[in-house]
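Right under this line is the structure:
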């Protein structure tokens, strides 16, 4: 009788061990998805780069002498733009592909300050300048009335401007 109880406990503990391993593997897969940063990209040594050249407001991220507000709430493109203006900033105007390298693991799309200007027949930043052609290899849209949402290190999509998305504001320091 003692031998069969020992065998039963070994079987139970072995089964529990396998279940534990499966749960740990599942956690390892799901953890990055559910721990994505919301209002801040989290601690990163690169965020300290050039931090002596600017001081950013609370809830803003300083990176390479610029301040970024990474929203945790969704708004339309126009509401996002108005929020940024109220913060003495503008929707993100990308200077190069590496600008948001600290957010490269983000799985979200964010409104940026790029929209289609029908008068000029081209995509323009809020300040009226044209984006660099090497910044977005193919910026084609089925509807020029759409606005652009950007996923760091992954590209752009055009979406109706009335759709709600997260957004990024940028304050440039000279």
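Numbering (full-length UniProt numbering), first residue to last: 1 to 174.
Don't be surprised by glycine CBs; every beta carbon is placed ideally from N, CA and C.
Computed from a prediction, not measured in an experiment: that's the story for all the values here.
Item                                                                                                                                                                       : Value
Which residues does DSSP list as the beta-bridge partners of residue 149?                                                                                                  : 111 and 157
Short of 6 angstroms in beta carbon distance, which residues of its chain neighbour residue 152, apart from the five on each side in sequence? Order them along the chain. : 100, 103, 104 and 106
Identify the residues that DSSP records as bridge partners of residue 67: which are they?                                                                                  : 62 and 171
Can at least three beta-carbon pairs, one atom from the region 73–91 and one from the region 164–174, be found at a separation below 8 angstroms?                          : yes
What residues match up with residue 90 in a beta bridge as DSSP calls it?                                                                                                  : 170
Note down the Cα distance separating residue 6 from residue 21, rounded to an integer number of angstroms.                                                                 : 22 angstroms
Tell me the residue span of the beta strand (DSSP E) that contains residue 122.                                                                                            : 122–125
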